[in-house]
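In this note's numbering, the protein residues as written are 9 to 181.
A virtual CB, placed ideally from N, CA and C, is assigned to each residue, including glycine.
Encoded as structure tokens, the structure appears first; notes follow it.
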Amino acid sequence: MIINLRTIPHGIRNFEFCLDKDWWHPSEQNDQIFGFDTPLEVKITICRAGEKYVLDGDLSGGLQVMCDRCLELYHRDLRSVFKVFLALPLQETDNTELELSEEDMAVGFIRGEEIDLDEIIREQIYLSLPMKSLCTENCLGLCPICGSNVNKRDCQCHRELGHPGFLKLKNLK
Numbered sequence: 009m010i011i012n013l014r015t016i017p018h019g020i021r022n023f024e025f026c027l028d029k030d031w032w033h034p035s036e037q038n039d040q041i042f043g044f045d046t047p048l049e050v051k052i053t054i055c056r057a058g059e060k061y062v063l064d065g066d067l068s069g070g071l072q073v074m075c076d077r078c079l080e081l082y083h084r085d086l087r088s089v090f091k092v093f094l095a096l097p098l099q100e101t102d103n104t105e106l107e108l109s110e111e112d113m114a115v116g117f118i119r120g121e122e123i124d125l126d127e128i129i130r131e132q133i134y135l136s137l138p139m140k141s142l143c144t145e146n147c148l149g150l151c152p153i154c155g156s157n158v159n160k161r162d163c164q165c166h167r168e169l170g171h172p173g174f175l176k177l178k179n180l181k
């Protein structure tokens with residue numbers, strides 16, 4: 009959804025809409041998110057103050073995510089409340105370098121007079137994911153020898169524990 013910033017007067021403008029399950033398209037072959045279980049509810053408020061914009065957002069829905077241990081798809085609830093600061097780029101003066109303040113580092117700079125809410129929503133979905141996605145806290149993952157999902161069936165593979173060079177240390181007490 010493209011928003012023309014000229015249509016936002018000084019003050020606040022609210023957007024509330026649902027994105028259906030077909031909206032999500034994985035960005036890469038190894039994308040962690042495979043789609044939505046439920047429509048994604050989006051609430052965004054854009055506040056304009058001069059040449060700066062503040063986006064307050066709230067996302068909620070259900071994702072199909074791949075477990076990092078067993079590689080099975082599972083449902084994950086999504087709830088993300090976020091704030092994004094946007095501003096027009098700083099104007100350079102006669103090719104001199106500009107020094108950014110700490111405040112500038114928290115600001116996204118926009119080009120032109122339009123912002124793409126889809127891009128911001130996609131970014132916030134990725135940021136809401138944990139570093140390691142697990143279907144359950146005690147997921148056993150895949151067998152390193154045969155590759156079967158150990159959560160579903162116990163394989164009979166003989167697994168050696170550790171590096172063979174450390175076997176003598178096993179007997180020490």
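Euclidean distance between Cα positions of Cys-163 and Lys-176 = 28 Å
Starting from Glu-131, follow its DSSP beta bridges and name the residues at the other end.
-> The partner list for Glu-131 (beta bridge, DSSP) is empty, contrary to what the question assumes.
Test item: CB-CB of Cys-165 and Cys-147 under 7 Å | Taking 7 Å as the Cβ cut-off, Cys-165 and Cys-147 do not qualify as a contacting pair.
With Leu-27 as the anchor, note down where its beta strand (DSSP E) starts and where it stops.
-> In the DSSP assignment, Leu-27 falls within the unbroken beta strand (DSSP E) covering 19 to 27.
From Ile-123 to Arg-87, what does the alpha carbon distance come to, in whole angstroms?
-> 23 Å
Buried or exposed by the 16-neighbour rule on C-beta atoms within 10 Å, applied to Leu-135 | exposed
Would you mind reading off the limits of the beta strand (DSSP E) that contains Leu-13?
-> From DSSP, Leu-13 is part of no beta strand (DSSP E); its letter is neither H nor E.
Spell out a yes or no on whether the segment 19 to 29 and the segment 77 to 84 are touching, meaning 3 or more CB-CB pairs, one atom from each, closer than 8 Å.
-> no
Using 8 Å as the threshold, is the segment 38 to 57 in touch with the segment 65 to 82, meaning 3 or more CB pairs across them?
-> yes
Spell out the partners DSSP gives Gly-120 in its beta bridges.
-> Answer is none; Gly-120 lacks a bridge partner.
In whole angstroms, what separates the C-alpha of Gln-40 from that of Ile-118?
-> 28 Å
Residue(s) in a DSSP beta bridge with Gln-72 = According to DSSP, Gln-72 bridges with Gly-43 and His-83.
Since Lys-91 sits in a beta bridge, which residues does DSSP pair it with?
-> Asp-64
Looking at the unbroken alpha helix (DSSP H) that takes in Leu-177, where does it start and where does it end?
-> 175 to 178
Determine the direct distance from the alpha carbon of Val-158 to that of Phe-42, and round the result to whole angstroms.
-> 22 Å
Is it buried or exposed for Gly-116, if we count other Cβ within 10 angstroms and need 16 for buried?
-> exposed
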